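If you read the sequence shown in the numbering used here, its first letter stands for residue 560, the second for the next number, and so on.
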Amino acid sequence: MTTLEGATVLVTGANGGLGIEFVHQALARGAAKVYATARTPRDWNDPRIVGLALDVTDEASVAAAARAAADTTIVVNNAGVAGTAPIATGEMSEIRRIMETNFFGAITVAREFAPVVAENGGGALLDVHSVLSWIGLAGAYSASKAAFWSATNSLRIELAPQGVQVVGLHLGYADTPMTAGIDAPMNDPADVVAAAYDGLEAGELEVLADQLSIDVKQGLAAPIEGLYPQFANA
Numbered sequence: 560m561t562t563l564e565g566a567t568v569l570v571t572g573a574n575g576g577l578g579i580e581f582v583h584q585a586l587a588r589g590a591a592k593v594y595a596t597a598r599t600p601r602d603w604n605d606p607r608i609v610g611l612a613l614d615v616t617d618e619a620s621v622a623a624a625a626r627a628a629a630d631t632t633i634v635v636n637n638a639g640v641a642g643t644a645p646i647a648t649g650e651m652s653e654i655r656r657i658m659e660t661n662f663f664g665a666i667t668v669a670r671e672f673a674p675v676v677a678e679n680g681g682g683a684l685l686d687v688h689s690v691l692s693w694i695g696l697a698g699a700y701s702a703s704k705a706a707f708w709s710a711t712n713s714l715r716i717e718l719a720p721q722g723v724q725v726v727g728l729h730l731g732y733a734d735t736p737m738t739a740g741i742d743a744p745m746n747d748p749a750d751v752v753a754a755a756y757d758g759l760e761a762g763e764l765e766v767l768a769d770q771l772s773i774d775v776k777q778g779l780a781a782p783i784e785g786l787y788p789q790f791a792n793a
C-alpha cells in the first residue's frame with residue numbers, strides 16, 4: 560500500500576490529457592512535489608511542480624532524469640504514442656516507433672526508477688496500459704500495450720521484495736488529444752486518474768478503470784470467439 564500524502568511523484572507524458580490529471584490529482588491528494596516530465600516540459604506556474612525534460616526513447620535522457628529526480632517515491636509510467644499500424648502489412652518503421660515508446664521506453668523508465676524508489680524506502684510504479692492490451696484491434700498499438708502488460712506482471716514479482724508496489728491501469732478510450740477523431744464512448748480523464756490513485760492507495764495491483772476493461776478482462780477466460788466475434792462461425 561502506498562500513500563500520496565507527502566510523496567514525491569514523477570509523471571511521464573505529463574503534458575497529455577491523462578498526464579495533466581495525474582499531476583494535479585497527485586497534489587490534491589497531498590503529494591509534496593511532482594516532477595512533470597515531457598520531451599519539452601511546460602511551465603506549470605506552481606512551485607510544487609518541477610518541469611523535467613525526459614524522452615523515454617532515449618536511455619541517456621531517462622538516466623539523467625533519474626539522477627535529477629532522485630527523491631522520487633511514486634512513478635506514473637504514462638508516456639505513450641498512438642498508432643494502429645497493422646502487424647501483417649504496416650511499415651516496420653512505424654511498428655518500431657510505437658514499440659520504442661510504449662514498450663521499450665516504458666520499461667526503461669521502470670528499470671531506471673525502480674532502484675530510486677526502493678532507495679527512498681519503497682513506493683510504487685503505476686503503469687498505464689489499455690483495454691487494447693487484451694484485444695488485438697489496434698495492430699502495433701495493441702501489441703505494444705500487451706508487451707507492456709506482460710512486463711508489468713514480471714516487474715511486480717521482481718520488485719516486491721524491494722518494497723515497490725507495481726500497479727497496472729487498464730482503460731478504454733479517454734477523452735484526450737490522443738483520441739481526437741475516434742468515434743467511441745469516452746472516459747473522463749479525471750475519473751480514470753481518480754480510479755488509478757484510489758487503487759494505488761488501497762494497495763491494489765491492477766485497476767480496471769471502466770466497464771469495458773472489466774468485460775474484456777473477464778472475456779480472456781472464455782473461448783476466443785467471444786472477444787473476436789468475426790470468427791464465431793469459422
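Where is the CB? At the ideal position from N, CA and C, for every residue including glycine.
None of these values were measured; they are calculated from a predicted model.
Secondary structure remark: continuous beta strand (DSSP E) runs of at least 3 residues inside the segment 660 to 695, in chain order: 682 to 687.
Rounded to whole angstroms, residue 615 and residue 563 show a C-alpha spacing of 24 Å. Note on geometry: alpha-carbon atoms of residue 622 and residue 611 lie some 12 Å from one another. Apart from sequence neighbours up to five positions away, the residues of its chain that approach residue 767 with a beta-carbon distance below 7 Å are 729, 773 and 776, ordered along the chain. Two segments are said to touch when three or more pairs of C-beta atoms, one from each, lie closer than 8 Å; by this definition the segment 591 to 606 does not touch the segment 641 to 661. Excluding five sequence positions before and after residue 646, the CB atoms of its chain that fall closer than 6 Å to its own CB belong to 698, given in chain order.
About 5 Å separates the beta carbon of residue 690 from that of residue 771, a gap short enough to meet the 8 Å contact definition. The beta carbons of residue 582 and residue 595 sit about 5 Å from each other, so the pair counts as a contact at 8 Å.
The C-alpha of residue 746 is placed about 26 Å away from the C-alpha of residue 560. Apart from the 5 residues on each side of it in sequence, residue 705 sits with its Cβ closer than 6 Å to the Cβ of 692 in its chain, given in chain order. Distances from the CA of residue 687 to each of 627, 782, 721 and 666 were compared; the closest alpha carbon is that of 666. Per DSSP, residue 786 lies in no alpha helix (DSSP H) and is assigned neither H nor E. Judged by beta-carbon spacing, residue 633 lies within the 9 Å limit of residue 759, meaning their Cβ atoms are closer than that value.
Within its own chain, the residues whose Cβ lies closer than 6 Å to the Cβ of residue 597, once the five positions on either side in sequence are excluded, are 573 and 574, listed in chain order. Counting along the chain, the unbroken alpha helix (DSSP H) around residue 712 starts and ends at 698 to 718. Pairing residue 568 with residue 631 gives a Cβ-Cβ distance under 9 Å. Beta-bridge partners of residue 596 (DSSP): 611. Residue 721: not part of any beta strand (DSSP E); DSSP gives it neither H nor E.
Inter-residue distance for residue 701 and residue 669 is about 20 Å (C-alpha atoms, whole angstroms). Non-local C-beta neighbours of residue 785 in its own chain, meaning closer than 8 Å and more than five positions away in sequence, comprise 778, ordered along the chain.
Checking the DSSP bridge columns, you'll see residue 729 partnered with 767. When secondary structure is reduced to three states using DSSP, residue 568 falls in the strand class. Within 10 angstroms of the beta-carbon of residue 664 lie 16 or more other beta-carbons, which makes it buried.
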